[in-house]
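Below is one structure, written out as structure tokens; the observations come after it.
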Amino acid sequence: MATKNIPVEYSLRIGVKGGGCGGVSYALGFDLTKEGDQGYEIEGLAVLIEKKHVMFLMGMQVDFHESNEAKGFVFTNPDLPKRHDNQ
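Every number in the numbering used here is 6 more than the matching position in the sequence shown, counting from 1.
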């Protein structure tokens, strides 16, 4: 993180936004520890998650994918059943 000018006291924050019928979207960013956070170390990286978001992120895998069309982070939760729309 030092090579990206991110202060050493910052951690990667993973969170959720939204809910209801539209489901949730996921957020990534760098932040300082706040009250109500749970801290983890994943592959040597300090990660923060708000306690109220933990239940939405359990089992979540975060990968970075890059192709000719797009690049970005992909969130996958193998613990959730696949959604099948009959439309």
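Think of the CB as a built atom: it goes at the ideal place given N, C-alpha and C, for glycine as much as any other residue.
From a predicted model like this one, the values you see are computed outputs, not experimental measurements.
- Rounded to a whole number of angstroms, what is the C-alpha to C-alpha distance between Y32 and V14? Position 26 of the sequence shown, counted from the first residue, corresponds to residue 32. Position 8 of the sequence shown, counted from the first residue, corresponds to residue 14. Straight through space, the alpha carbons of V14 and Y32 are spaced by roughly 24 Å.
- Locate the beta strand (DSSP E) running through V22, then write down its first and last residues. Counting from 1 along the sequence shown, the entry for residue 22 is found at position 16. Element bounds for V22: S17 to G24.
- Query: Residues bridged to S31 by DSSP?
  - Reply: As a working note, residue 31 is residue 25 in the sequence shown. Note: S31 is bridge-paired with K23 in the DSSP secondary-structure output.
- Task: Count the other CB atoms, across all protein chains shown, that sit within 10 Å of the CB of V80; report buried if there are 16 or more and exposed otherwise.
- Result: Here residue 80 refers to the residue found at position 74 when the sequence shown is read from its first residue. Burial call: exposed.
- Task: Kindly give me the distance between the Cβ atoms of V53 and I20, rounded to whole angstroms, as I take these residues to be in contact under 8 Å.
- Result: Position 47 of the sequence shown, counted from the start, is the residue given in the question as residue 53. Position 14 of the sequence shown, counted from the start, is the residue given in the question as residue 20. Contact flag correct, Cβ pair sits at about 6 Å.
- Task: For F62, I'd like the list of residues in its chain whose CB is within less than 7 Å of its CB, leaving aside the five on either flank, ordered along the chain.
- Result: Here residue 62 corresponds to residue number 56 of the sequence shown, with the count starting at 1. Excluding positions up to five away in sequence, the list reads V22 and V30.
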